[in-house]
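Down below is the structure, laid out as structure tokens.
In the working numbering, the protein residues as written are 225 to 793.
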């Protein structure tokens, strides 16, 4: 993904293109602090071109420290100038990425709309009459407008996912603590996550991985204990139809199409009752947990009440100051309720790989949010609010357009399922190839792991047309060779008229890697199935079966191997 290709001119061109784009789109509300073009150019030209993010430009939400630039959290009265980068920023710069500037946000990261800022409401990249989503509004919009390659946001209730959905981006919300929060202004300290927006999943995940790992400073930072790879047939949970009520016009159909795409990948889709998760989501703002927002910035707002309505957004101030009233008894009662809802939610999702939902419920106009700032905002977080409270990882991905505007879906799973979610999202976003296997790549056979590693998922059992023959090759490990016969002598074919196999579905990229490593004499060709359809499948070069044992009459590799095992006893 690097813009550095061995020529300093490529770096300069990328920087100049970014600043020219800033001028062309004329979205001043995206930025709170923009670095000087010459400073960005000088830093970019000094980067070692071999670094993983060399030549990449990124933006930083203005509640995350960049050394030497003011941190405001969208309140001038709160501003301070850090001397050091936040850990997340420092790690990205060490990997070669260059900061362009600090971006606007819903003040103190309190909101999902992107309009609660004295620096201006951030307009959507696709339709300037609509919201960008928040609170990471400027970061998402800067990426969607093509100014930067990726951007950092934060996420407490959905701030790193809702703007992704509304701007046709990938939004990575990692497991809490994987990316240290050192140098991040807290919204809710125990729930906050640093997030990434990008136009590609690969870049978003690369940036997230580079930022991850304890830094010895954030006491809540955690070491990744990544869950095992995807199962052969992932089970995708989806909400009950009644829990999808209230979506914007056309969004329910768009979600159905996303569900069908997962089915087409060979995944099992099951409906589950996500009521415990939705009930947990309501606790984030409606319960005593809002007290943590007061603990974060309440003292500042109390000391500057005279600025409410000017430098301090009145809606944000009302939410934060309301956090002063819950008692410790109420907080402990809500924690007990959250524990119970979490246990119920885990039980509902038990046996599934991930939960698939729309990322948000609608895409309001700026005017609609202005008319009902609290009500409009509350609709945005139905499917996002519970993830951090219940210690879950989540990933927002584009899923097409409805009436010309982006629609997005979200995959959510248990803590440390980040890479599994990414694998699901990659398959969802990529073209696929169906592949017939008849030998050592079958389930429970020794080379099946190669298919799984390439992103493959089992689709169905299948059988070839009757004019195929199967031979036992002299290879290690043992493999069969499938060839199509010119003619078949009656009585010498396979029982049932064909060779048994399995159809697996692979991402096109994974298929390419898999085929490139295929050893001779194995080959890939077109195989006709017993229903007359054609599929890509394993074959073998004709010379390889000369002198090989014809095992067609066994009907398939498993049956032959079972017979051979009995013969050895």
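Ideal Cβ positions, reconstructed from N, Cα and C, are used throughout, including at glycine.
In this text the structure is predicted, and so the values were computed from the model without any measurement.
- Around the C-beta of residue 304, fewer than 16 other C-beta atoms lie within 10 Å, and the residue is accordingly described as exposed.
- Counting of Cβ neighbours within 10 angstroms places residue 726 among the buried residues, the total reaching 16 or more.
- Residue 563 is not bridged by DSSP to any residue.
- Going by C-alpha positions, residue 395 is about 12 angstroms away from residue 608.
- The three-state secondary structure of residue 684, taken from DSSP, is strand.
- Out of 690, 644, 429 and 701, the CA that lies nearest to the CA of residue 677 is found in 644.
- In the structure shown, residue 363 adopts helical secondary structure according to DSSP, grouped into three states.
- In the structure shown, residue 525 falls within a helical segment according to DSSP collapsed to helix, strand and coil.
- At a Cβ-Cβ threshold of 7 angstroms, residue 550 and residue 512 count as neighbours.
- Ranked by Cα distance from residue 465, the options 438, 498, 439 and 450 are led by 498.
- Under DSSP, residue 652 shares a beta bridge with no residue.
- In summary, residue 651 is buried, with 16 or more beta-carbon neighbours lying within 10 Å of its beta-carbon over all protein chains present.
- Counting only runs that start and end inside the stretch 570-658, the beta strand (DSSP E) elements of at least 3 residues fall at 578-582, 616-626 and 629-638.
- Unbroken beta strand (DSSP E) runs of no fewer than 3 residues, entirely contained in the stretch 390-462, are found at 394-397 and 417-422, following chain order.
- Residue 354 carries a strand assignment under DSSP once its states are collapsed to helix, strand and coil.
- Counting along the chain, no alpha helix (DSSP H) covers residue 347, and no H or E run does either.
- Assigned with DSSP and collapsed to three states, residue 538 falls in helix.
- For residue 739, the uninterrupted alpha helix (DSSP H) run begins and ends at 732-740, by DSSP.
- In this structure, residue 657 lies near residue 760, with their beta-carbon atoms less than 7 angstroms apart.
- Taking 7 angstroms as the cut-off, the Cβ atoms of residue 614 and residue 635 do not count as close.
- Approximately 14 angstroms separates the beta-carbon atoms of residue 358 and residue 376; this is outside 8 angstroms, ruling out the contact.
- Non-local C-beta neighbours of residue 663 in its own chain, meaning closer than 6 angstroms and more than five positions away in sequence, comprise 703, 704 and 781, ordered along the chain.
- Of 343, 315, 297 and 322, the smallest CA-CA separation from residue 534 is found for 343.
- One thing to note: residue 313 has its Cβ no nearer than 7 angstroms to the Cβ of residue 268.
- Look at residue 295 here: in three-state DSSP terms it is strand.
- Segment contact: the stretch 467-482 against the stretch 430-445, fewer than three CB-CB distances shorter than 8 angstroms; contact not assigned.
- Following the DSSP letters along the chain, one finds residue 673 inside the alpha helix (DSSP H) bounded by residues 672-677.
- The three-state reading of DSSP puts residue 340 in coil, since its state is none of H, G, I, E or B.
- One Cα belongs to residue 390, the other to residue 578, and the distance between them is close to 22 angstroms.
- Under the three-pair Cβ rule at 8 angstroms, the stretch 366-383 counts as touching the stretch 282-297.
- Rounded to whole angstroms, the separation of the alpha carbons of residue 671 and residue 586 is 46 angstroms.
- When DSSP states are grouped into helix, strand and coil, residue 465 belongs to the helix group.
- Assigned with DSSP and collapsed to three states, residue 233 falls in helix.
- Residue 696 sits in a strand when the DSSP states are folded into three classes.
- Around the beta-carbon of residue 742, fewer than 16 other beta-carbon atoms lie within 10 Å, marking it exposed.
- Check the Cα spacing between residue 270 and each of 244, 233 and 258: the tightest is with 233.
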